[in-house]
Amino acid sequence: MAVKPMNSKQVAQKVVKKDDLFILDVRNADAFEDWKIEGEKFEYLNIPYFDLLDGVEEIMEQLPKDKDILVVCAKEGSSIMVADMLSDEGKDVSYLEGGMKAWSEHLEPVKVGELTNGGELYQFVRLGKGCLSYMVVSNGEAVIVDATRMTEIFIDFAKEKGATITNVFDTHLHADHISGGRNIAEATNATYWLPPKDAEEVTFEYAALEDGNRVVIGNATIDITALYSPGHTIGSTSFVIDEKYLLSGDILFIDSIGRPDLAGKAEDWVADLRESLYKRYKDFSMELTVLPAHFMIIDELNEDGSVGKKLGTLFAKNHGLNIESAEEFRKLVSENLPPQPNAYQEIRETNMGKVTPDEEKQREMEIGPNRCAVR
Numbered sequence: 273m274a275v276k277p278m279n280s281k282q283v284a285q286k287v288v289k290k291d292d293l294f295i296l297d298v299r300n301a302d303a304f305e306d307w308k309i310e311g312e313k314f315e316y317l318n319i320p321y322f323d324l325l326d327g328v329e330e331i332m333e334q335l336p337k338d339k340d341i342l343v344v345c346a347k348e349g350s351s352i353m354v355a356d357m358l359s360d361e362g363k364d365v366s367y368l369e370g371g372m373k374a375w376s377e378h379l380e381p382v383k384v385g386e387l388t389n390g391g392e393l394y395q396f397v398r399l400g401k402g403c404l405s406y407m408v409v410s411n412g413e414a415v416i417v418d419a420t421r422m423t424e425i426f427i428d429f430a431k432e433k434g435a436t437i438t439n440v441f442d443t444h445l446h447a448d449h450i451s452g453g454r455n456i457a458e459a460t461n462a463t464y465w466l467p468p469k470d471a472e473e474v475t476f477e478y479a480a481l482e483d484g485n486r487v488v489i490g491n492a493t494i495d496i497t498a499l500y501s502p503g504h505t506i507g508s509t510s511f512v513i514d515e516k517y518l519l520s521g522d523i524l525f526i527d528s529i530g531r532p533d534l535a536g537k538a539e540d541w542v543a544d545l546r547e548s549l550y551k552r553y554k555d556f557s558m559e560l561t562v563l564p565a566h567f568m569i570i571d572e573l574n575e576d577g578s579v580g581k582k583l584g585t586l587f588a589k590n591h592g593l594n595i596e597s598a599e600e601f602r603k604l605v606s607e608n609l610p611p612q613p614n615a616y617q618e619i620r621e622t623n624m625g626k627v628t629p630d631e632e633k634q635r636e637m638e639i640g641p642n643r644c645a646v647r
């Protein structure tokens, strides 16, 4: 039978469309348990590659006869070998092109909506990492928020839309992934904005993103309002776009809230986090659509593959927004936290410009799920 490559975009479409897929993951058990390709109707079998060196006969009965089978490994090579063995046994299977490294880097653009006076808002969903980036396009201009290090997709997408990138923002100094914001700004002669309270140790020039900043995009059609909302980091800044959308950075997620410990400041920043969520955000219209910088679980995706919910819905259903006791809130966000992101200190230093790892090192630093949230 034939062995076919399946690329990350094809897998992403299966996630969004909620298609069936059976994944044979041949990485070691600890790697699989820590991080895997998630899909609502996906089924899994984890058998390490080394256990299959003598053949695949013993696992044939565990494989479905009526579903697509995708063999997955870290970089591709092992999955091709296992897929070939399954093919020799009569199975029609695919392997993940580029392995989990490629899956980690794939971005799926989703149109979030039209803006009042013309223009569009797009969300770039990094399914393999849980990162969410944004692009506002209006009258030939584009703004990017929380870009990942895969810069070409943003630059190429803006070109497709006939737009010039004029401004690039990071809502805060990221600790779980390497920002592409500065590189995009340098490549396009755009202005790079960063909250100054997060930028005290950066080694490069930037425009100070401060409370009350208003940046007009296009022909005075879009007003981006920056709101200082500390807690995840001391400089965390939210955006209200077009009086419709609230880009919450890593302060508020759909099913969780931001953790305040990734700069070693959990106890110091708990009060800031509660103030931002329980007072500043309460002053917003509950009709705003919250668009965060990350998601935790695949269940947070909407039917179209986007991630976003009305603020009023989150105040009704998100546990992190409904904790009456300040002490209970403190315990939630400072005790019993999930593991910190892989290489988060190195990632912070990279985003400060203190170190410049090569591309392969950057890939290694980002491997694994995001862990910016508590729930």
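Remember, our numbering sits 272 above the position in the sequence shown when you count from 1.
Ideal Cβ placement from N, Cα and C applies to all residues, glycine included.
From a predicted model like this one, the values you see are computed outputs, not experimental measurements.
Residue closest to Ala414, alpha-carbon to alpha-carbon, out of Ala462, Val627, Pro381: Nearest option by C-alpha distance: Ala462.
From Thr460, Asp360, Asp418, residue whose alpha carbon lies closest to that of Ile427: Thr460
Option in Leu358, Met558, Ser501 with minimal Cα separation from Pro467: Of the candidates Leu358, Met558, Ser501, the one whose C-alpha sits nearest the C-alpha of Pro467 is Ser501.
Three CB pairs or more closer than 8 angstroms across the segment 590-601 and the segment 403-417: When Cβ pairs closer than 8 angstroms are counted between the two stretches, the segment 590-601 is seen not to touch the segment 403-417, the count staying below three.
Between the CA atoms of Thr438 and Glu377 - distance to the nearest angstrom: 24 angstroms
Opening and closing residue of the alpha helix (DSSP H) in which Phe429 lies: 423-432
Option in Pro277, Lys276, Gly371, Asp470 with minimal Cα separation from Ala303: Gly371
Span of the beta strand (DSSP E), counted from its first residue to its last, around Leu652: Missing from the structure shown is residue 652; the chain here goes from 273 to 647 and no further.
Assigned exposure category for Phe231 - 16 Cβ within 10 Å defines buried: What the structure shows of the chain is the stretch from 273 to 647, and residue 231 is not part of that stretch, so it cannot be assessed.
Beta strand (DSSP E) segment containing Glu638, residue limits: Per DSSP, Glu638 belongs to no beta strand (DSSP E); it is in the alpha helix (DSSP H), 631-638.
Sequence-distant residues of the same chain with beta carbon closer than 7 angstroms to Glu515, five excluded per side: None.
Same chain, Cβ closer than 6 angstroms to Pro336, five either side skipped, listed in chain order: Phe294
Inter-residue spacing [alpha-carbon to alpha-carbon] between Pro629 and Thr585: 41 angstroms
Range of the contiguous alpha helix (DSSP H) that encloses Lys276: In the DSSP assignment, Lys276 falls outside any alpha helix (DSSP H) and within the unbroken beta strand (DSSP E) covering 275-278.
His446, DSSP secondary structure in three states: coil
Terminal residues of the alpha helix (DSSP H) in which Met357 lies: 349-360
CA-to-CA distance, Asn623 to Val654, given in whole angstroms: Outside the shown range of the chain (273 to 647) lies residue 654, about which nothing can therefore be said.
Cα-Cα separation between Lys313 and Val382, rounded to whole angstroms: 21 angstroms
9 angstroms Cβ cutoff met for Ser410 and Gly490: Yes, they are a contact pair.
Lys451, buried or exposed, once every other Cβ within 10 Å from all chains shown has been counted against 16: According to the sequence shown, residue 451 is Ser rather than Lys. Burial of Ser451 is indicated by the presence of at least 16 other C-beta atoms within 10 angstroms of its C-beta.
Inter-residue spacing [alpha-carbon to alpha-carbon] between Ala471 and Leu445: 7 angstroms
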